[in-house]
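Engineer: One structure is given below, represented as structure tokens, and several questions about it will come after.
Number of protein chains: 4
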Amino acid sequence: MMRLNEQARGVFIIAVTPFTDSGELDLPSTDRLVEFYLERGATGLTVLGMMGEAPKLTASESLTYVEHVIERVAGRVPVVAGASGAGLAPMAELARQMMQAGAAGVMVAPPSHLRSDDQLVNYYTQVGQAIGRDTPFVLQDFPLATSVQIPVQAIVRIVNDNPNCVMLKHEDWPGLEKISALRQAEAEGRMRRISILAGNGGLFLPEELGRGADGAMTGFGYPEMMAGVYAAHTAGDAEKAHDLFDAYLPLARYEQQPGLGLAIRKYVLARRGAISSSAIRLPGAKLSPADIGEIEHLIERQESRLQEMNR
Amino acid sequence: MMRLNEQARGVFIIAVTPFTDSGELDLPSTDRLVEFYLERGATGLTVLGMMGEAPKLTASESLTYVEHVIERVAGRVPVVAGASGAGLAPMAELARQMMQAGAAGVMVAPPSHLRSDDQLVNYYTQVGQAIGRDTPFVLQDFPLATSVQIPVQAIVRIVNDNPNCVMLKHEDWPGLEKISALRQAEAEGRMRRISILAGNGGLFLPEELGRGADGAMTGFGYPEMMAGVYAAHTAGDAEKAHDLFDAYLPLARYEQQPGLGLAIRKYVLARRGAISSSAIRLPGAKLSPADIGEIEHLIERQESRLQEMNR
Amino acid sequence: MMRLNEQARGVFIIAVTPFTDSGELDLPSTDRLVEFYLERGATGLTVLGMMGEAPKLTASESLTYVEHVIERVAGRVPVVAGASGAGLAPMAELARQMMQAGAAGVMVAPPSHLRSDDQLVNYYTQVGQAIGRDTPFVLQDFPLATSVQIPVQAIVRIVNDNPNCVMLKHEDWPGLEKISALRQAEAEGRMRRISILAGNGGLFLPEELGRGADGAMTGFGYPEMMAGVYAAHTAGDAEKAHDLFDAYLPLARYEQQPGLGLAIRKYVLARRGAISSSAIRLPGAKLSPADIGEIEHLIERQESRLQEMNR
Amino acid sequence: MMRLNEQARGVFIIAVTPFTDSGELDLPSTDRLVEFYLERGATGLTVLGMMGEAPKLTASESLTYVEHVIERVAGRVPVVAGASGAGLAPMAELARQMMQAGAAGVMVAPPSHLRSDDQLVNYYTQVGQAIGRDTPFVLQDFPLATSVQIPVQAIVRIVNDNPNCVMLKHEDWPGLEKISALRQAEAEGRMRRISILAGNGGLFLPEELGRGADGAMTGFGYPEMMAGVYAAHTAGDAEKAHDLFDAYLPLARYEQQPGLGLAIRKYVLARRGAISSSAIRLPGAKLSPADIGEIEHLIERQESRLQEMNR
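Shown next, in the form of structure tokens:
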């Protein structure tokens, strides 16, 4: 079985969870979506993340969905499963189920009431033990969504205290200096090397790669942008990475609207044939005709620009 | 089957969930606890509330626990089950399971991101539909815990829009004027009559009853205080209600410390033999020897004062 | 004297407050900055906003600075002054001082504890009276900074209740539908027409103009972007507006990082000669060499792209 | 001139700011209020605190009020002035003015966006320098009002780094263990001895004194409660301290309602003749007839109980 480790690189796509128009889990779309992501360069998948509508699934649906994804992926790339939650007992149960289903690791964001460095460190020590030391975990650092700020010094302690903490999903904002500080802590031997994948819809991906990120773990209707930027950066062609990024930026910016972002992303994925329906489970946002008009306009402009670049 | 309705009165105890020292569900203690609560005047029980460590139970544990409580209660009083959660699909499933197990209704607190009147009204309309119109629900109004303020005008609309909204668990703080305003809205025909039960550990119970509350839905290591205050108030003896309240107030105040309150409550319940262990599942607070010394001192003083009153 | 009214249009720049390296108010730079903004198309200036470091100025410095700006502007464009604050008495005094100095109006954001529609409406009624009905005011709607969400229905009531509420500084996020809803409320006669200027660093300017915004009230190191986008939009050339916007977007996105944004903006303004020093008063962020490298790189790429566009 | 130092003990009353019915500063009432507080056992006064409506005063009113209080006190007890604010420059100016007027020190609460230990430590280092090392300051630790949690470890660092940090206004909640932990840090030589005065309306005063607090710095309509509890505790009579505390607790609990507390306190002070009007400046809460009825009832019961105790 594939286990996530500190060397993970590339683009882990935060997968949406497809539903039918009537709100049922859409497993045929799930198959298409997996292929869509892999064809566009995903080197990993992350399911049951915030953008995967995890809290809107029942326990049995979550398991069904994850098992289906893992079966379809069939070992081609690692699959990480979100396991955040208020209690350690259900988190431990979920983590066990996910790992048994073949997940490569789990991802855990902090509960929103945590504040001090010690509170954070203690919480992740409890997490690291509860899920079992042989279950690798991703520390999700996403203050805009969790209201929790995790300072560099706390991350250093969490990583050093928990051998199964192998990756940071970095979406502090602003956070470029945080990547630099963590890489420096590694360079000075103060912290074990971990994988750092950038979030925030890829809106700072070229700069994050420049600071030492190993790739991205986030979502976007055009995941090939992230794969392309990563490939160009890795090939040493920073300008090409920026050119590609800039071509997608107007739409990426539009998709990054809090609250509305998932509706936009699912609209684009449905438009591209990756899923059958753009349905979101309640509670959730709905696009207006004006929203859709703006998205279509941005896609049209994006396609023109990409054609121009490829001439 | 007993259904919760707008006429509910008395004291619905927010039940703790008993665990063994090693953190397993403690069903024998659950039996004792149910009898303990009923003997001390509970006219209803509420399980899987915030103080019931609901988010720390797995889905199957939740069901096991609620079924066990309902079986033990055996129809003597109604049992309400907490069903708050971020997604409507798992909430609907949980509500269905709880009602099938024999619950009298469910309780739903708002997710923490809701702000405007319209957002609140829309959310509870979705809730009222998702759980099914034949499932009565309690609107939990607890800003200190949820960060959501529900204005009187929004409650009026929620009640009027949802025939299955039959009760308000009132723990806004300060909130005495809110009870008065809701009772006035009823008197003026602007809102259907609902049951209003007071929360906040009973710390304002005499005043809340004076404003028109129908009783309490909250927890305390000495639930007989709430039952006694309610009985005296109902018998028209406000001074006796206050005298009794005052005797318990020093400990009630101490128990109301956020974060620490559940540990204090379970300590007291274990000390009184209602449960075997004061264990709390992680993450959770722990009492220090100094904390315990203070609790013991307060109990001793409380007992003296009660003896004095009864002389 | 020029008074702000409901017909205001164009680009009101949120002016930075220039300091010397040692942290003193820099009045010579203030002169240069005013000219810089006007030359690049500002049709108004807003001083003492959040990005103007208003809370870091003493009362006398605030007055000195505003008087200096207004004197330099010499009636060429209207000047709006921020007057947000926890108490109405000091707000009223500040508003009076600013209007006496020649300001065209004041801007007021809600205090962070407001939640319900009624609380918001009551607060702004108190504000509208306290500053005097002959003092026009701008309602600043900026949830990311204030934690307060102002729903459309509350804005409608605030505008209708307060004749001196003449403008909305729109920076809810996402907020495009909000502009549409407000313009619809006007069209249906439910709300008086007001000026709506878009914020958020201009990151959604083309779409906001398309929804009916009258321009922008925000800051950016290259204010000519906003003026250019506005001009192209007004001339009916949406594609040109987008082309220009896209050319500046990579840097605009970078500057929009919370916490760090002002440091980036002042760096760019100092680099362009608009102010002498990029100094920020404490508490405030500092750019690292890596930050500066990224900014320089983005400026270089921006210049290439603009040259290409102008060929 | 009297300077606040680490040995401060007793009861520092958080003074209200008296206004006339029409909202003007009421200096004659200020004189009466000062005498009222001193006669009831205040060993210090704190002005311009949160309950002193500081943000509702203009800069010149603040100065007038503080100067008037200090002149009236005439050196009988030290006077501490609140100086919290978003910017260091105006804080430094205010601190200078207050110290020149004869204040013994200033009090500073953290701005609400601070989160990590390092952010807190850095902020207070900036504060400690900005106000000048010869200006003693009180660290106000009040998470319920500021949303900022200051862990023990951060307080230890702040105290050790800033020789002018001489006192903690302790109103974390729950916070008894925090006092114990700080006193232990002192005992083990990890932290310089500081004065710790308890807040939260005195609602935990007996326990706080038992944990090592040096007294109280908070407000209540009956400040003699705090002085009496402190005196009994200091005299070694813990039971008498509790008896007195218990007699006042029903009203103290009622006064502690967030948002409404100041209106209750001013009502009681006006009723007792300490101030002429219970007026609060906008924005602020107003008591209803039902509120007043409850207060009067609680006062009546309190007086009976005190008489009974003194028989």
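Protein chains in written order, with the UniProt record's numbering: chain A, 1 to 311; chain B, 1 to 311; chain C, 1 to 311; chain D, 1 to 311. Built from N, CA and C at the ideal position, the CB exists for glycine as well.
Please classify residue 257 of chain C as buried or exposed, where buried requires at least 16 neighbouring CB atoms within 10 angstroms.
Structural biologist: The residue in question, residue 257 of chain C, is buried, as its Cβ has 16 or more Cβ neighbours within 10 Å.
Engineer: Does the Cβ-Cβ distance between residue 40 of chain C and residue 216 of chain C come in under 8 angstroms?
Structural biologist: no
Engineer: What does residue 186 of chain A touch in chain C if you count any residue whose Cβ is under 7 angstroms from its own?
Structural biologist: Simply none; closest approach about 16 angstroms.
Engineer: Taking only beta-carbon atoms, is residue 24 of chain C less than 8 angstroms away from chain A?
Structural biologist: no
Engineer: If you follow the beta strand (DSSP E) that residue 14 of chain A is part of, which residue opens it and which one closes it?
Structural biologist: 10 to 14
Engineer: Just to make sure I have the definition right: I need the residues of chain B whose C-beta is within less than 8 angstroms of the C-beta of residue 294 of chain D. Which are they?
Structural biologist: Residues of chain B with a Cβ closer than 8 angstroms to the Cβ of residue 294 of chain D are, in chain order, 176, 207 and 210.
Engineer: Can you name the residues of chain A whose CB is closer than 7 angstroms to the CB of residue 115 of chain D?
Structural biologist: 115 and 149
Engineer: Contact between the stretch 297 to 306 of chain B and the stretch 223 to 240 of chain B: three or more CB pairs below 8 angstroms?
Structural biologist: Here the stretch 297 to 306 of chain B makes no contact with the stretch 223 to 240 of chain B; the two share fewer than three CB pairs at distances below 8 angstroms.
Engineer: Hey, could you find the ends of the alpha helix (DSSP H) residue 205 of chain D is sitting in?
Structural biologist: 205 to 211
Engineer: Here's a check: name, in chain order, each residue in its chain whose Cβ is nearer than 6 angstroms to the Cβ of residue 241 of chain A, leaving out the five neighbours to either side.
Structural biologist: Only 206, 229, 232 and 233 meet the Cβ criterion.
Engineer: Just reading off the alpha helix (DSSP H) that residue 266 of chain D is part of, what are its end residues?
Structural biologist: 261 to 271
Engineer: Return the bridge partner residues of residue 218 of chain B from the DSSP annotation.
Structural biologist: B/13
Engineer: Please state if the CB of residue 194 of chain A and the CB of residue 156 of chain A are separated by a distance shorter than 8 angstroms.
Structural biologist: no
Engineer: Does the stretch 271 to 287 of chain D come within contact of the stretch 12 to 25 of chain D, defined as at least 3 CB pairs closer than 8 angstroms?
Structural biologist: These segments touch.
Engineer: Of all Cβ atoms in chain C, is any one closer than 8 angstroms to the Cβ of residue 290 of chain A?
Structural biologist: yes
Engineer: Consult DSSP for residue 282 of chain C and reduce its assignment to one of helix, strand or coil.
Structural biologist: coil
Engineer: What does DSSP give as the partner residues of residue 169 of chain C in its beta bridges?
Structural biologist: C/140 and C/197
Engineer: Counting only Cβ pairs nearer than 9 angstroms, list the residues of chain C close to residue 87 of chain D.
Structural biologist: 53, 54, 55, 56, 57, 58, 281, 282 and 283
Engineer: By Cβ distance below 6 angstroms, which residues in the same chain neighbour residue 143 of chain B in space, the five residues on each side in sequence not counted?
Structural biologist: For residue 143 of chain B, the CB contacts under 6 angstroms within the same chain, skipping 5 residues up- and downstream, are 149 and 172 in chain order.
Engineer: Could you name the residues of chain A that residue 157 of chain C contacts, counting a contact when the two beta carbons are closer than 9 angstroms?
Structural biologist: Under the 9 angstroms cutoff, chain A gives no residues; its nearest Cβ is about 23 angstroms from residue 157 of chain C.
Engineer: Among residues of its own chain, excluding the 5 on either side of residue 88 of chain D, which ones have a beta-carbon nearer than 8 angstroms to its beta-carbon?
Structural biologist: 126, 127 and 130
Engineer: Taking residue 260 of chain C and residue 174 of chain A to be in contact with their CB atoms under 8 angstroms, please state how far apart those CB atoms are, rounded to whole angstroms.
Structural biologist: 4 angstroms
Engineer: Looking at the C-beta of residue 307 of chain C, does it have a partner C-beta in chain A at a distance below 8 angstroms?
Structural biologist: no
Engineer: Taking 8 angstroms as the CB-CB limit, is residue 313 of chain D close to chain C?
Structural biologist: No answer is possible for residue 313 of chain D: the residues shown for chain D start at 1 and end at 311.
Engineer: Straight-line CA distance for residue 133 of chain D to residue 291 of chain C?
Structural biologist: 34 angstroms
Engineer: Determine which residues of the stretch 258 to 269 of chain C have a Cβ less than 9 angstroms from any Cβ of chain A, and write them out in chain order.
Structural biologist: 258, 259, 260 and 261
Engineer: Restricting to Cα atoms, I'd like to know which of A/274, A/101 and A/105 is closest to residue 6 of chain A.
Structural biologist: A/105
Engineer: Distance check for residue 47 of chain D and residue 96 of chain B, CA to CA, integer angstroms please.
Structural biologist: 56 angstroms
Engineer: If you draw a straight line from the alpha carbon of residue 184 of chain C to that of residue 77 of chain C, how long is it in whole angstroms?
Structural biologist: 29 angstroms
Engineer: Find the residues of chain C that neighbour residue 93 of chain D, judging by a C-beta separation of less than 7 angstroms, and give them in chain order.
Structural biologist: 58
Engineer: Note down, in chain order, every chain C residue with its Cβ under 7 angstroms from the Cβ of residue 250 of chain A.
Structural biologist: 246 and 249
Engineer: Count the other CB atoms, across all protein chains shown, that sit within 10 Å of the CB of residue 164 of chain A; report buried if there are 16 or more and exposed otherwise.
Structural biologist: buried
Engineer: Does any residue of chain B have a CB that is nearer than 8 angstroms to the CB of residue 90 of chain A?
Structural biologist: Output row for residue 90 of chain A: interface = yes.
Engineer: With the cut-off set at 8 angstroms, would you say residue 27 of chain A and residue 68 of chain A are in Cβ contact?
Structural biologist: In this structure, residue 68 of chain A lies closer than 8 angstroms to residue 27 of chain A by Cβ.
Engineer: In this structure, what does DSSP give as the bridge partners for residue 19 of chain C?
Structural biologist: C/25
Engineer: Strictly under 8 angstroms for the Cβ-Cβ distance: is residue 123 of chain C near chain D by that measure?
Structural biologist: Chain D, which has a Cβ nearer than 8 angstroms to the Cβ of residue 123 of chain C, makes this yes.
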